[in-house]
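Chemist:
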Amino acid sequence: MGGSCFVIMGFGEKTDFQSNPQRVLNLDKTYENIIKPAVEDAGLTCIRADEIIHSTVIDKPMYDNLLAADLVVADLSTANVNAAYELGVRHALRPYRTIVLAEKNFSFPFDLSHLSIMRYEHLGKDIGASEAKKVTRELKEKIVALMDDSEPDSPVFVFIPSLQPASLTKAAVAAAAPTPERIDQNSFAELLASFRAEKDSIKSTEDWAAPLALLKRLRKMQPDDPYIVQQLALATYKFQQPDKKTSLVNAKNILAALAPQTSSDAETVGLWGAIHKRLWEEIANPQDLDEAVRAYARGYYIKNDYYNGINYAFMLNVRAFHRAGDEALADRVLARRIRADVLVICDQLLQIESVTDKEKPLYANPGLGSDDPFWIQATKVEALFGLGRKDEADLLKAQIFAKERERLDKAGWMEDSLNEQLKKLGALLVA
516 MGGSCFVIMG
526 FGEKTDFQSN
536 PQRVLNLDKT
546 YENIIKPAVE
556 DAGLTCIRAD
566 EIIHSTVIDK
576 PMYDNLLAAD
586 LVVADLSTAN
596 VNAAYELGVR
606 HALRPYRTIV
616 LAEKNFSFPF
626 DLSHLSIMRY
636 EHLGKDIGAS
646 EAKKVTRELK
656 EKIVALMDDS
666 EPDSPVFVFI
676 PSLQPASLTK
686 AAVAAAAPTP
696 ERIDQNSFAE
706 LLASFRAEKD
716 SIKSTEDWAA
726 PLALLKRLRK
736 MQPDDPYIVQ
746 QLALATYKFQ
756 QPDKKTSLVN
766 AKNILAALAP
776 QTSSDAETVG
786 LWGAIHKRLW
796 EEIANPQDLD
806 EAVRAYARGY
816 YIKNDYYNGI
826 NYAFMLNVRA
836 FHRAGDEALA
846 DRVLARRIRA
856 DVLVICDQLL
866 QIESVTDKEK
876 PLYANPGLGS
886 DDPFWIQATK
896 VEALFGLGRK
906 DEADLLKAQI
916 FAKERERLDK
926 AGWMEDSLNE
936 QLKKLGALLV
946 A
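For what it's worth, this note's numbering labels the leading residue of the sequence shown as 516, then goes sequentially.
1. So what's residue 611 in DSSP terms, helix, strand or just coil?
2. Can you give me the Cβ contacts of residue 915 inside the same chain, cut-off strictly under 6 Å, excluding the 5 residues immediately before and after it?
3. At which residue ranges does the region 758-815 contain complete alpha helix (DSSP H) runs of 4 or more residues, listed in the order of the chain?
4. For residue 645, count neighbouring C-beta atoms within 10 Å of its own C-beta (all shown protein chains included) and say buried if the count is 16 or more, exposed if not.
5. So, with DSSP's three-state summary, where would you put residue 570?
6. Just how far apart, CA to CA, sit residue 536 and residue 676?
7. Roughly how many angstroms lie between the CA atoms of residue 937 and residue 740, to the nearest whole one?
8. Taking C-alpha atoms, which residue in 774, 555, 710 and 734 lies nearest to residue 723?
9. Enumerate in chain order the residues of its own chain whose CB-to-CB distance from residue 532 is below 8 Å, with the five nearest sequence positions on each side excluded.
10. Does the pairing of the region 636-645 with the region 601-616 give three or more beta-carbon distances under 8 Å?
11. Taking the alpha helix (DSSP H) that residue 832 falls in, what are its first and last residues?
12. Just reading off the alpha helix (DSSP H) that residue 742 is part of, what are its end residues?
13. Give me the Cα-Cα distance between residue 661 and residue 524, rounded to the nearest whole angstrom.
14. Can you grab the Cα-Cα spacing for the pair residue 717 / residue 708, in whole Å?
15. What does the alpha-carbon distance come out to for the pair residue 885 and residue 864?
16. Name the residue from 911, 825, 703 and 521 whose alpha carbon lies nearest to the alpha carbon of residue 856.
17. List the endpoints of the continuous alpha helix (DSSP H) containing residue 703.
18. Residue 633 and residue 614: beta carbons closer than 8 Å?
19. Report the rounded CA-to-CA distance for residue 917 versus residue 763, giving the unit in angstroms.
20. For residue 738, count the other beta carbons within 10 Å of its own beta carbon; 16 or more makes it buried, fewer makes it exposed. Which is it?
21. If we define contact as Cβ-Cβ less than 8 Å, is residue 900 a contact residue for chain D?
22. When the Cα of residue 829 is compared with those of 939, 840 and 924, which residue comes out closest?
23. Since residue 653 is in the alpha helix (DSSP H), which residue starts that stretch and which ends it?
24. Mapping the DSSP letters down to three states, classify residue 590 as helix, strand or coil.
25. Roughly how far, in whole angstroms, is the beta-carbon of residue 751 from the beta-carbon of residue 773, given that I think they are within contact range, below 8 Å?
26. For the alpha helix (DSSP H) containing residue 860, list its first residue and its last residue.
27. Let's see if you can read the secondary structure: which residues bound the beta strand (DSSP E) around residue 541?
28. Pull up the distance between the alpha-carbon of residue 545 and that of residue 553, whole angstroms please.
29. Can you name, in chain order, every residue of its own chain whose Cβ lies under 7 Å from the Cβ of residue 543, other than the five neighbours on each side?
30. Quick check on DSSP: helix, strand or coil for residue 736?
31. Could you pull the DSSP bridge partners for residue 522 from this structure?
32. Does DSSP put residue 634 in a helix, a strand or coil?
33. What do you reckon, are the CB atoms on residue 821 and residue 860 nearer than 8 Å?
34. Would you mind sorting residue 588 into buried or exposed? The rule is 16 or more other CB atoms within 10 Å of its CB.
35. With a 10 Å radius around its C-beta and 16 neighbouring C-beta atoms as the bar for buried, classify residue 791 as buried or exposed.
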């Protein structure tokens, strides 16, 4: 068939603020498992904005491709305002060959009922195999049909039929159109993939040097992307250079760009809590302790997740240790209530779903996220321990350590992390 396709969508992990509780969707999985295979199977060259080689800001090649591409596929999942804006530009420039799709829980804040939107199911960290296969086939069929059709799908040209579309010279079209040669190892997508590979191989503090260097390059390319800012803050304090305190202060300053004290992004708020928790442990400033409690509380009530919940409960016990009277009692009572809720969340995540749907993770509520079962179990151990159910906690810990022995031997810090956390919590509970 031939031709070019430009893909409009977010990249990396993005928070879906519309879902309750919030979910984090890996949009790269949509691109890699659905959109790109469908486009290439239909015979077109596929490119996303983060794959374009450019020596200036991304705006110029982006607008070129919105006009010149034979086909545009727009994924509006997580109510991405940039994608919505770019879709509007495409509709204003070209009367036809634009496809819109979105994750099934998508609900945009203004009326898009006049658009035909393909729906698909996203599990958070990935796309189910059968779902990817089905939607890829449907998208390919739609692309093939659309490439042979000149019927307007842009509402601009549907409602203003006398409007003449913009045009480019053949030379300009050729220069703007996406081609395989315009993708290289220095594209945003390639650098992001390299960062993730480096992050997955980390075994010690020193190993954060390479991911940190990649993140600094990525931020120069996309300075305002929340995921990049979050990961840069994380890598900065994990690297602990030039020293632990300085790295935490630097991470705090980096994350401040996302306004964590007022943000409704649970990932940002949880990371803000983690930084202040460590600052408290490092310099014992009561303001850091209070900020950590507030951050974990907000993250927990926004997302209703085990990570923010168990840390919220722990920091309440830390604060109770340094208080007296009714204030200390209130923190201890609230910590117990939060741990009881966290136990329910962990049990929901670990329940095996009906065997009739093998594509979903083995968790009762996919909306809560397909997290690593080890950390869910570890959180359950801590919750049981904090509720005074030590025998149950010890039994569960022994079971998961035995089950994950090979993995834990390769990454000893995981086992040490849980044991150290239980030791800290035990000291607080006996006080």
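For every residue, glycine included, the Cβ atom is placed at its ideal position computed from N, Cα and C.
Modeler: So, to answer that:
1. Assignment of residue 611 by DSSP, reduced to helix, strand and coil, places it in the coil class.
2. Once the five neighbours on either side are set aside, the close Cβ partners of residue 915 are 892.
3. Complete alpha helix (DSSP H) runs here, min 4: 759-770 and 781-798.
4. Its Cβ having fewer than 16 others within 10 Å, residue 645 is exposed.
5. With a pLDDT of 48 at residue 570, under the threshold of 50, the modelled position of that residue is not reliable, and the figure given next carries that caveat. Three-state DSSP puts residue 570 in coil, outside helix and strand.
6. The alpha-carbon atoms of residue 536 and residue 676 are separated by roughly 43 Å.
7. Distance between the alpha carbons of residue 937 and residue 740 is about 36 Å.
8. For the options 774, 555, 710 and 734, the alpha carbon positioned closest to that of residue 723 is the one of 710.
9. Correct list, in chain order: 593, 594, 779 and 780.
10. With the rule of 3 Cβ pairs closer than 8 Å, the region 636-645 does not count as touching the region 601-616.
11. That run of the alpha helix (DSSP H) goes 821-836.
12. 741-754 is the extent of the alpha helix (DSSP H) around residue 742.
13. Using only the alpha carbons, I get a separation of about 20 Å.
14. About 15 Å.
15. Note on residue 885: pLDDT 43, under 50, position unreliable in the model; no value is reported.
16. Comparing Cα positions, the closest option is 825.
17. If you look at residue 703, you'll find it in the alpha helix (DSSP H) that goes 703-715.
18. Contact flag set, yes.
19. Rounded to the nearest angstrom, the two C-alpha atoms are 35 Å apart.
20. Residue 738 should be labelled exposed.
21. The structure shown contains no chain D, having only a single protein chain.
22. The shortest C-alpha separation from residue 829 is found at 939.
23. Run containing residue 653: 644-662, per the alpha helix (DSSP H) assignment.
24. In the structure shown, residue 590 sits in a strand (DSSP, three-state: E or B).
25. Wrong, their Cβ atoms sit about 14 Å apart, outside the cutoff.
26. Residues 840-865.
27. Start and end: 538-541.
28. Each residue's alpha carbon lies about 11 Å from the other.
29. Cβ within range, chain order: 526 and 527.
30. Note: residue 736 maps to helix in three-state DSSP.
31. Residue 522 has 563 and 588 as its beta-bridge partners, per DSSP.
32. Correct three-state label for residue 634: strand.
33. A Cβ-Cβ contact shorter than 8 Å links residue 821 with residue 860.
34. It counts as buried.
35. Residue 791 comes out buried.
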